[in-house]
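Numbering of the sequence shown is given in numbering that gives the first Met the number 0, commencing with residue 0 and proceeding in unit increments. So the structure is just underneath, and the comments pick up after that.
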Amino acid sequence: MKEIGYSELEALFTAALASLESRKAFVNGLNVFPVPDGDTGTNMSLTLRTALEEVQKNQPKSMKEFVSTLSAGSLIGARGNSGVILSQIIRGMATAADNKSVLTTTDFTQMLTKATEVAYKAVVTPVEGTILTVVRRMSERAVALHQEDYVDYLTEVIKMGRQAVKETTGQLPALAEAHVVDAGAEGLVILLEGMLMNLRGESVASEKLTLEDEPEEHMGPQDLTYRYDTVLLVASDTLPEAEIRAKLTEHGDSLVMASAGGLTKIHVHTNEPYDTIEYIMKFAPIREGRIEDMQYQADEYAGGPASGAGSSSRTLASTEGCTDENVQRAYVVVSPGPGFDEIFRKLGAQIVVSGGDTMNPPTEAFLGPINACKAKSFIVFPNNKNIIMAAQQAADLIDKNVQVLSTRHPVQAIAALVQLASCGPDDDCTAVANQAIDATDFFAVTRATKNATVSGMLVHGGDYMLLVDDKLVGLGQSIEEALAHLSEAPTAWDDKSLVSVYRGVDLAEASFDALVAMLTRQFPNLEIQPYYGGQAFYGVVGSVE
0 MKEIGYSELE
10 ALFTAALASL
20 ESRKAFVNGL
30 NVFPVPDGDT
40 GTNMSLTLRT
50 ALEEVQKNQP
60 KSMKEFVSTL
70 SAGSLIGARG
80 NSGVILSQII
90 RGMATAADNK
100 SVLTTTDFTQ
110 MLTKATEVAY
120 KAVVTPVEGT
130 ILTVVRRMSE
140 RAVALHQEDY
150 VDYLTEVIKM
160 GRQAVKETTG
170 QLPALAEAHV
180 VDAGAEGLVI
190 LLEGMLMNLR
200 GESVASEKLT
210 LEDEPEEHMG
220 PQDLTYRYDT
230 VLLVASDTLP
240 EAEIRAKLTE
250 HGDSLVMASA
260 GGLTKIHVHT
270 NEPYDTIEYI
280 MKFAPIREGR
290 IEDMQYQADE
300 YAGGPASGAG
310 SSSRTLASTE
320 GCTDENVQRA
330 YVVVSPGPGF
340 DEIFRKLGAQ
350 IVVSGGDTMN
360 PPTEAFLGPI
370 NACKAKSFIV
380 FPNNKNIIMA
390 AQQAADLIDK
400 NVQVLSTRHP
410 VQAIAALVQL
420 ASCGPDDDCT
430 AVANQAIDAT
440 DFFAVTRATK
450 NATVSGMLVH
460 GGDYMLLVDD
470 KLVGLGQSIE
480 EALAHLSEAP
490 TAWDDKSLVS
500 VYRGVDLAEA
510 SFDALVAMLT
520 RQFPNLEIQP
530 YYGGQAFYGV
540 VGSVE
């Protein structure tokens, strides 16, 4: 085959997804750090799956429509750092293919070259030995090739990709210590291998993504403000967006509008879906529509297994105080549990997005709430190193004043919000927040998910690990034994006055009280403040300020 059209390209990406899903568990297992995490294989597959679901819904009729829809879907569905980088690779490929009717291998080379350019620009500090290195190496190899047949061409490109993946082990110390290759790099080559299998007429039986791939976060019964999730595909890309936004947000929220290729997709939560349809039809015909009863879904989902003792109702994202147009600045926080939800609300956060380790929210989890909020500006606290890029991608997609701060833990956001409460209109509030973030150390205790060597320490699956500022400090056979190593952390203790500690959802109150008492004895000169956080997987997290 020397040329492919948009339908063949869709088949290639579908096969790529099947290939990744078939080896998703293997890619997840390459995670260097043995902690509960938003695994790379899952994040990449969910990102591409969202992109292809958008394609299936929109039914593109040309190469331009296909690549535009695929790119838009990957951008809003990106999860975790690996998913965001994959979405940028797809975005670059789409840009290079946008004006083509069919694609030769020369065109595909241009797509890989553009993908490399866009992906590198998306990362503030590109690191070699990652997915970035592999996409670059494959694009460089593609430039040197002269095969016109796609099978021969991709075979050579993938051969280079495999070699580049193998070499990542020696390029990053953490990979060398763990004796593994980079997970994102491996995932990218697996995607191309799926494309090659499709071209050869081979099939891949993919693993179906189930609720097990998502965080086991089950909501209790709740009454939703807006019941119906309404999605419309409108046959026009010149709608009066400001007018429609104003109208639909009068009786709804989570509004998202995106236009491309003569079409506009409208998403809104409302109690009057048919009024919404009737209103939109005044402007253009509706190509496709979907209405889902979220109240029914929530009630059904509430019957699932509880996430742990003391769990409470949570939504993927909630907004409060965002209907007032006089709000100058709104705070958006990612929260790992109901206790943190309540604390953030009390500290003035208007938008709370559920997420954290093992549950990296997609870009669209930020898009809807921020678009629905009428504040003049926004400060976003991602609160996890694997969520920062998704939050930043959302900020880039929104035509509003949105700043994303690089918080790596919820306790850093708490420290920042406390200081922001007294930030005046003439103060540099971003500087105030960043100063509080930098001055706050964070710690956590969790159980190791597998055997590993971390920072020269041999960790066995099931060990309790004390992490301080994401670095392994000590091990134990219980939370108490691990937490006892806190005083060994390389922290400037003479400058500290407060230790805040937050109980996880699965830790009993009596056990938590004993831990607080131990910390009080361990740090007699510091104030120890206990709270309920409700976070999963981490029995105890906290801050030192």
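Backbone N, C-alpha and C fix where the C-beta goes; we use that ideal spot for every residue, glycine too.
- Counting along the chain, Ser-477 sits inside no beta strand (DSSP E), nor does DSSP assign it H or E at all.
- Fully enclosed alpha helix (DSSP H) runs of no fewer than 4 residues occupy 428 to 437 of the region 412 to 438, in order along the chain.
- Listed in chain order, the non-local C-beta contacts of Thr-452 below 8 Å within the same chain comprise Glu-176, Ala-177, Val-458, local neighbours out to five positions each way being set aside.
- Residue environment for Glu-127: exposed (fewer than 16 other C-beta atoms within 10 angstroms of its C-beta).
- The C-alpha of Val-472 is placed about 25 Å away from the C-alpha of Gln-434.
- In the three-state reduction of the DSSP assignment, Gln-349 falls in the coil class.
- The residue from Thr-41, Tyr-278, Gln-58, Tyr-330 with its alpha-carbon nearest to that of Ala-182 is Thr-41.
- With a beta-carbon spacing of about 17 Å, Val-515 and Val-504 fall beyond the 8 Å limit used to define contacts.
- By the Cβ test, the region 52 to 59 is not in contact with the region 366 to 381, since fewer than three Cβ pairs between them sit closer than 8 Å.
- Within the same chain, Met-92, Ala-95, Ala-96 come within 6 Å of Met-110 by CB-CB distance, once the 5 residues on both sides are set aside.
- The closest CA to that of Leu-247, considering only Gly-261, Tyr-225, Ala-393, is found on Tyr-225.
- Closest in C-alpha terms to Leu-482, from the list Leu-518, Ile-342, Glu-508, Asp-512, comes Leu-518.
- Beta bridge pairing from DSSP links Val-539 with Val-444, Arg-502.
- Where Ser-334 is concerned, the enclosing beta strand (DSSP E) starts and stops at 328 to 334.
- Taking all protein chains in view, the Cβ of Asp-493 is surrounded by fewer than 16 other Cβ atoms within 10 Å, so the residue is classified as exposed.
- Fewer than three Cβ pairs drawn from the region 464 to 471 and the region 185 to 202 lie within less than 8 Å of each other, which leaves the two stretches out of contact.
- In the DSSP assignment, Lys-56 falls within the unbroken alpha helix (DSSP H) covering 39 to 57.
- Per DSSP, Pro-529 lies in no alpha helix (DSSP H); the unbroken beta strand (DSSP E) holding it starts and ends at 526 to 531.
- Look at the beta carbons and you see the region 62 to 82 touching the region 28 to 48: at least three pairs across the two are nearer than 8 Å.
- Closest by C-alpha distance to Leu-29, out of Thr-108, Lys-165, Tyr-5, Ile-478, is Lys-165.
- The region 9 to 23 makes no contact with the region 154 to 168; the number of CB pairs closer than 8 Å stays below 3.
- As the crow flies, the alpha-carbon of Ala-10 is around 14 Å from that of Glu-2.
- Within the same chain, and ignoring the five residues on either side of Gly-475 in sequence, the residues whose Cβ sits closer than 8 Å to its Cβ are Asp-462, Tyr-463, Leu-465, Ala-481, Leu-482, Ala-483, His-484.
- Per the Cβ contact rule, the region 270 to 289 is in contact with the region 229 to 249 (3 or more Cβ pairs under 8 Å).
- In this model, Asn-270 and Pro-284 are separated by some 22 Å (Cα to Cα).
- Between the beta-carbon of Ile-436 and that of Thr-406 there is about 6 Å, and that keeps the pair under the 8 Å contact cut.
- Around the beta carbon of Pro-337, 16 or more other beta carbons sit within 10 angstroms, so the residue counts as buried.
- For Asn-400, the enclosing beta strand (DSSP E) stretches over residues 400 to 403.
- Non-local C-beta neighbours of Val-352 in its own chain, meaning closer than 6 Å and more than five positions away in sequence, comprise Ala-316, Val-333, Pro-360, Ala-364, ordered along the chain.
- In the DSSP assignment, Val-230 falls within the beta strand (DSSP E) that extends over 227 to 233.
- According to DSSP, His-268 shares a beta bridge with Asp-228, Asp-252.
- For Val-458, the uninterrupted beta strand (DSSP E) run begins and ends at 456 to 458, by DSSP.
- Judged by DSSP in its simplified three-state form, Gly-91 adopts helix.
- By the 16-neighbour rule on beta-carbons within 10 angstroms, Ser-100 is exposed.
- Per DSSP, the continuous beta strand (DSSP E) segment holding Phe-380 begins and ends at 376 to 380.
- With the rule of 3 Cβ pairs closer than 8 Å, the region 417 to 429 does not count as touching the region 385 to 399.
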